[in-house]
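J.: Residues 0 to 110, numbered by numbering that gives the first Met the number 0, are exactly what the sequence shown covers, in order. Beta carbons are placed, not taken as given, at the ideal position from N, Cα and C, and that holds for glycine. From a predicted model like this one, the values you see are computed outputs, not experimental measurements. Have a look at the structure that comes next, please.
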Amino acid sequence: MKSQVKLIIDHIGRFIIGTVASESDTVLRLSKPIILHVQPSQTGQLQVQTLPLLFSEFLGDKESNVWTYSKESIAISEAVLDSRLLQQYESMANPAPVAQSEPEVVKLFED
């Protein structure tokens with residue numbers, strides 16, 4: 000089953016995207032949430048930034064990044080998000096492991 004990604008607006012007006020960890024009548028728990036920040040650029044176009052709610056470098060257990068929101072203090076969107084935005088979220092929430100390779104040896108002088 001594919002994970003469900005939801006968009007909410009929290010009690011201070013931030014747009015937050017996250018994977019639903021669990022949901023009840025009173026709370027919504029989002030895993031690896033990010034903040035979606037939209038602002039106008041100097042050219043008048045809209046600029047979109049995505050920032051983690053909490054940087055993974057601050058976590059001892061990278062999988063424990065689950066946040067609980069009271070449904071009384073958030074707005075939950077039923078919007079279908081653009082695939083590019085979902086791709087951006089997935090790359091931030093589940094980054095690809097960095098390949099560890101041996102550095103290339105460069106000979107400076109002939110023996």
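(1) How big is the Cα-Cα spacing for Val79 and Gln41?
(2) Take the Cβ of Leu53 as the centre, count every other Cβ of all protein chains shown within 10 Å, and call the residue buried at 16 or more, exposed below.
(3) Leaving out the 5 sequence neighbours to the left and right, which residues in its chain are closer than 8 Å to Ser55 when beta-carbon positions are compared?
(4) Which two residues bound the contiguous beta strand (DSSP E) that contains Ala20?
(5) Measuring alpha carbon to alpha carbon, tell me which residue in Ser90, Val47, Ser76 and Leu45 is nearest Lys31.
(6) Taking the alpha-carbon positions, what's the Ile73 to Thr18 distance?
(7) Spatial neighbours of Thr25 within its chain, please: CB distance less than 7 Å, with the 5 preceding and 5 following residues excluded, ordered by chain position.
(8) What residue from Ser76, Ser23, Leu58 and Val47 has the CA that sits closest to Lys5's CA?
(9) Let me know if Leu27 comes out buried or exposed under the rule of 16 or more other beta-carbons within 10 Å of its beta-carbon.
(10) Which runs of the beta strand (DSSP E) spanning at least 3 residues fall entirely within the stretch 14-78, listed in chain order?
(11) What residue range does the beta strand (DSSP E) around Leu6 cover?
T.: By the coordinates alone:
(1) Roughly 29 Å between the two C-alpha positions.
(2) exposed
(3) Lys61 and Asn64
(4) Phe14 to Glu22
(5) Ranking Ser90, Val47, Ser76 and Leu45 by CA distance to the CA of Lys31 puts Ser90 first.
(6) 16 Å
(7) Ser69 and Lys70
(8) Ser76
(9) buried
(10) 14-22, 26-39, 45-51 and 65-69
(11) Val4 to Ile8
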